[in-house]
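Protein chains in written order, with our numbering: chain B, 169 to 311; chain H, 169 to 311.
Here's the structure, in structure tokens; my notes come after.
Protein chains: 2
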Amino acid sequence: MDIPMDRQKQFILSHRVARMATADKLGRPLVVPICYVFDGKNLYTPIDKKPKRVSVRELKRIRNILENPKISIVIDDYYEEWNKLTYVIIHGRAELMESGEEYQRSLRLLCEKYTQYVDMNLSTLNLPVIKVIPDRILFWRAI
Amino acid sequence: MDIPMDRQKQFILSHRVARMATADKLGRPLVVPICYVFDGKNLYTPIDKKPKRVSVRELKRIRNILENPKISIVIDDYYEEWNKLTYVIIHGRAELMESGEEYQRSLRLLCEKYTQYVDMNLSTLNLPVIKVIPDRILFWRAI
């Protein structure tokens with residue numbers, strides 16, 4: 169694993185939104201916007217709403233992860249000045265967490281970063297958190 | 169195919185950046201930020217720089233598409249007011265274009281939307297354009 173350099177770490181920590189790609193067992197990708205926390209090693213992103221029509225395990229991103237844990241996340245800002253463009257791509261694998269100490273800790277970190285999660289009582293919803301274990305982090309800058 | 173509704177179409181047309189996920193034949197996803205144009209039916213996103221160390225066909229996103237044309241694109245804006253969150257997810261398949269009338273037309277559309285491409289002489293670079301043929305477009309709004 170490439171150890172994340174400080175600027176990578178800072179970039180990941182300072183952002184509030186990322187886009188996460190999973191793929192099902194047939195290789196069909198799905199990309200969605202996510203909120204996340206980063207503890208310096210792993211990323212955590214929650215399911216924050218019970219799906220209306222299906223159980224939470226039938227949510228496409230969850231089904232994908234259960235079929236195929238490979239995952240890719242991009243964090244970037246868009247600027248019209250293209251020489252300012254910067255992004256971080258994280259490759260890794262995902263695990264579903266539904267209970268336990270690490271699960272509880274991730275909920276606390278999420279509520280510290282996003283007051284919105286406090287307002288919606290994330291910690292009482294009993295919904296899974298996706299843990300992303302990076303095995304490669306790429307930092308890209310236009311110049 | 170779900171016919172894109174006007175608000176979906178408007179949302180896609182009015183944005184300047186998207187995030188595109190491909191996956192290799194082993195189902196390993198890759199997500200990258202992209203610039204794109206939408207002609208009301210298909211999306212086009214160019215390779216706008218010759219990779220430094222490899223040929224353009226060895227670029228990971230190109231290799232993925234050649235191995236597995238399935239693709240997913242998300243277009244979204246992040247707001248701290250989560251009730252404003254909106255996104256469009258496009259599922260489809262990708263084709264590589266390297267010449268021909270449609271290829272030339274996509275370069276013209278890209279230069280019309282992004283003056284940055286005019287400044288970098290995109291039309292003379294002879295680099296491929298990825299054509300994305302949607303088979304499903306999902307529009308999601310928090311409320």
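Backbone N, C-alpha and C fix where the C-beta goes; we use that ideal spot for every residue, glycine too.
Through-space distance from H:Met288 to B:Thr190, alpha-carbon basis: Against the first sequence, residue 190 of chain B aligns to sequence position 22. Against the second sequence, residue 288 of chain H aligns to sequence position 120. Take the alpha-carbon of B:Thr190 and the one of H:Met288: they are about 33 Å apart.
Buried versus exposed call for B:Ile311 [16 or more other C-beta atoms within 10 Å across all chains shown]: Working through the first sequence from its first residue, we reach residue 311 of chain B at position 143. Per the 10 Å Cβ criterion, exposed.
Segment contact flag, the segment 250-257 of chain B with the segment 213-230 of chain B, C-beta cutoff 8 Å, min 3 pairs: Fewer than three Cβ pairs drawn from the segment 250-257 of chain B and the segment 213-230 of chain B lie within less than 8 Å of each other, which leaves the two stretches out of contact.
Per-residue DSSP class, three states only, for B:Leu211: Residue numbering aside, residue 211 of chain B sits at position 43 when the first sequence is read from its first letter. Strand at B:Leu211.
Meets three-Cβ-pair contact criterion under 8 Å: the segment 223-241 of chain B and the segment 219-237 of chain H: no
Own chain partners of B:Gly208 with C-beta closer than 7 Å, once the 5 adjacent residues on each side are dropped: Looking up residue 208 of chain B in the first sequence gives position 40. The residues are Lys177.
Under 8 Å by beta carbon: chain H residues contacting B:Thr292: In the first sequence, counting from the first residue as 1, residue 292 of chain B sits at position 124. Proximity of chain H to B:Thr292 at the Cβ level (cut-off 8 Å) is not reached, the minimal Cβ distance being about 18 Å.
Endpoints, alpha helix (DSSP H) assigned at B:Lys281: Against the first sequence, residue 281 of chain B aligns to sequence position 113. That run of the alpha helix (DSSP H) goes Glu269 to Lys281.
Burial state of H:Thr213 (16 or more Cβ within 10 Å): By one-based count along the second sequence, residue 213 of chain H stands at place 45. Per the 10 Å Cβ criterion, buried.
Terminal residues of the alpha helix (DSSP H) in which H:Glu226 lies: Translated into the one-based positions of the second sequence, residue 226 of chain H becomes position 58. Here H:Glu226 belongs to no alpha helix (DSSP H), and DSSP marks it neither H nor E.
Residue environment, B:Tyr247, which counts as buried when at least 16 other CB atoms sit within 10 Å: Against the first sequence, residue 247 of chain B aligns to sequence position 79. Exposed: under 16 other Cβ atoms inside 10 Å.
Short CB-CB distance (under 7 Å) between H:Val242 and chain B: For the purposes of this step, residue 242 of chain H is taken as residue 74 along the second sequence, with counting starting at 1. So yes, H:Val242 belongs to the interface.
Cross-chain neighbours of H:Lys238 in chain B, by beta carbon under 7 Å: For this step, residue 238 of chain H is matched to residue 70 along the second sequence. Within chain B, the residues near H:Lys238 are Gly195, Arg196 and Pro197.
Alpha-carbon to alpha-carbon, B:Tyr282 and B:His183: In the first sequence, the residue the question calls residue 183 of chain B occupies position 15. In the first sequence, the residue the question calls residue 282 of chain B occupies position 114. For B:His183 and B:Tyr282, the distance between alpha carbons rounds to 11 Å.
Inside the segment 222-266 of chain H only - beta strand (DSSP E) runs reaching at least 3 residues: As far as the segment 222-266 of chain H is concerned, its whole beta strand (DSSP E) runs of at least 3 residues are 238-245 and 254-265.
Contact under 7 Å by Cβ, B:Leu211 with B:Val300: Sequence index remark: in the first sequence, residue 211 of chain B carries index 43 (1-based). Sequence index remark: in the first sequence, residue 300 of chain B carries index 132 (1-based). Yes, these two residues count as a Cβ contact at 7 Å.
Contact set between H:Val200 and chain B, taken where Cβ atoms lie within less than 8 Å: The residue given as residue 200 of chain H occupies position 32 in the second sequence. Ordered by position in chain B, the residues that pass the 8 Å Cβ test against H:Val200 are Val242, Tyr255 and Ile257.
Chain H contact for B:Ala191 (CB, 7 Å cutoff): Within the first sequence, residue 191 of chain B is the residue found at index 23, counting from 1. Closer than 7 Å: yes.
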